[in-house]
Each structure stands twice: as C-alpha cells, then as structure tokens.
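Participant: Residue numbers (my numbering): 1276 to 1568.
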Ligand SMILES: Nc1ncnc2c1ncn2[C@@H]1O[C@H](COP(=O)(O)OP(=O)(O)O)[C@@H](O)[C@H]1O
Ligand SMILES: N[C@@H](CCOP(=O)(O)O)C(=O)O
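This is how it looks when you write it as structure tokens:
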C-alpha cells in the first residue's frame, strides 16, 4: 500500500495568471492499493466512480507509459476544500500520476510529473508547486516540456487564508477573464511578476503589496465572490499587507510577516465572517511526498 500527500496551492499569486503558484501547508492524503474492483472512499459520493479525477489521472498516466489500467482501492483524506481556489483538482491529478508510477515500479522524476500533470490539468501553475513545493513560475516553450523556476518563500511570511462557504468552479471563472488585452496591460503585469517573486523570496511585503495589482483576472473575478470587498477591507484594516484571490477563488489570501498580526486578524475574520473557514498557512517547501506503508 502507498500513501501520497500533496499540498494545496495558491495559483496566480494575484499577478501571475496561469504562471505563478505557491504550495501551502494544507494537505490531501491518498492511500492506494491494488484491488479486484475499483473502490473509492473518503470523498463525496459523486466522485466515488471511475470518473474520479484521481483515478482518471492514474489511468492517463498508465496509458502514457503503455500499461493497461487496473483497479485500485483508493482512500482520500483531505484538508483541501473543493472548488475554492486551493488546487483540490491538482492534488488529485498529482496523486493519481504518482500512484500509477509507484504501483507499477515506473520511475518518474519531478519534470515528468509536471509534464503529465500539466497536460491533464491544462495549466501548470497549481501542479508545478504541488509537485515541487515553494513558489514556482512555469511556462511551456513551443513544442517543449514545461520549465519551472522554483523560488524559496521567506519563512517569515504567513498567509491568512479565508475560505468562503460557496464554490467557484475554475472552468466557470476562466470564462470571465478577457481573452485579449492591450499591450499596456501586458507591460503592467510583466514587471510586477518579477516584483512578486522577489518580494516573496526576500520577505519584502512592501514589494509584494506593490506588485500585487493584477489587471488580467482579479478585476473580473471579484464579482464571483460576494464577500470580496468586505474581507479585503477587514484584512487591510487588520494589518495584512496585501490580499489576492487564491487561484480562481472563492478563497482569499492575505499576507503578513507578523505572527501576532496573523492571529489577531484570524480572530477578527472569524467574528466578522463566521461562515468562512480561516487558516494561517505557511509556504510548503517539500511538495508531493510518497510513503510505502
Ligand atoms: N476528492 C476528490 N475526488 C475527485 N475529484 C475531486 C476531488 N476533489 C476535487 N475534485 C475535482 O476537482 C474539481 C474542482 O476543481 P476546480 O474547480 O479546479 O477547483 P479547485 O480550486 O478546488 O482545484 C471537482 O469538481 C472535481 O472534479
Ligand atoms: N490559473 C488558474 C488557476 C486555477 O486555480 P484553482 O485552484 O482555482 O483551480 C486560473 O486562474 O484559472
């Protein structure tokens, strides 16, 4: 039996649509064993069948390597909520591919994992940090494999994560993002992406806040999150330096370098938004892990 642990991810980091992402300290655990028939437990009933994204990714990876699919017993224990912008789908994709390798004795390195996972997920910004840990900037050169630039994130940073009780499905949230932008918008984004990665590395939250001013997706996606303005106000008044939509939402992520501010802000958020789940997270540095049980 094998156990695979995959961190949640905050994709985009506001400014880096489909490009930046960071692994955070919230985890999904998946145990797999060979079985006579497919058995899936620990997830909503609607996912307990062969269309389960973990199993679909498992089968895709096996086919990629020319191996016939076989049934497994899969148990899921997750802290990562579904359709809230914390990369639950990526945890499933990464776990399925890693399990396919582990149960067949196929050796895969992290680059191969990122390649297959990006093909399944459609964009690399969640799967790359889920696999590598840290913050990752990824892009795919024409006809080539995805390239991932991994950044250490300062361990002084805390990410106050506010998870509303409503879902935002990534497929829907992608429809509200304009498909074309003026050159001035492209220029606006480019320098800020470098500012965001440098600020996270050095723990310079003034730089992170200056860089976190997205014009590609956040102005359009706020409307999908009814509490966006109120939560942002409480976060900034409560001492956070900046806040972004995590992935495609509905989760919002605020940053501070002061653990006391983080705690006070969490209390204030819980009072003001009792229906929201809140966590104080750090950057996960390890990425996906496998254990043989
Ligand atoms: N435990 C799970 N088992 C199977 N599929 C899951 C599970 N968790 C999430 N998913 C899949 O991921 C989808 C949510 O993905 P998405 O809308 O991209 O949001 P997220 O930000 O959570 O990744 C679900 O609709 C489902 O297809
Ligand atoms: N770049 C994607 C990221 C989606 O992340 P998720 O965690 O919401 O699945 C996007 O912004 O659409």
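By construction, the Cβ of each residue, glycine as well, lies at the ideal position given by its N, Cα and C atoms.
Taking the beta carbon of residue 1456 as the centre, do at least 16 other beta carbons fall within 10 Å, making it buried, or is it exposed?
Facilitator: exposed
Participant: Thinking C-alpha only, which one of 1545, 1290 and 1414 is nearest residue 1461?
Facilitator: The shortest CA-to-CA distance from residue 1461 to any of 1545, 1290 and 1414 is the one to 1290.
Participant: Please report how far the alpha carbon of residue 1469 lies from the alpha carbon of residue 1400, in whole angstroms.
Facilitator: 16 Å
Participant: Any heavy atom of ligand 1 inside 7 Å of the beta-carbon of residue 1270?
Facilitator: Given a span of 1276 to 1568 for the chain in the structure shown, any question on residue 1270 remains unanswerable.
Participant: Where does residue 1359 fall in DSSP's three states?
Facilitator: coil
Participant: Take residue 1305 as the anchor and find which of 1295, 1312 and 1316 has the nearest alpha-carbon.
Facilitator: Out of 1295, 1312 and 1316, 1316 has the C-alpha closest to the C-alpha of residue 1305.
Participant: Rounded to a whole number of angstroms, what is the C-alpha to C-alpha distance between residue 1491 and residue 1449?
Facilitator: 11 Å
Participant: Return helix, strand or coil for residue 1548, following the three-state DSSP convention.
Facilitator: coil
Participant: Return helix, strand or coil for residue 1303, following the three-state DSSP convention.
Facilitator: Strand, per DSSP.
Participant: Using a threshold of 7 Å, is the CB atom of residue 1322 nearer than that to any non-hydrogen atom of ligand 1?
Facilitator: yes
Participant: Output needed for residue 1494: all residues of its chain with C-beta closer than 6 Å, excluding positions within five of it in sequence on either side, in chain order.
Facilitator: none
Participant: With DSSP run on the structure shown, which of helix, strand or coil describes residue 1492?
Facilitator: DSSP, read as helix, strand or coil, puts residue 1492 in coil.
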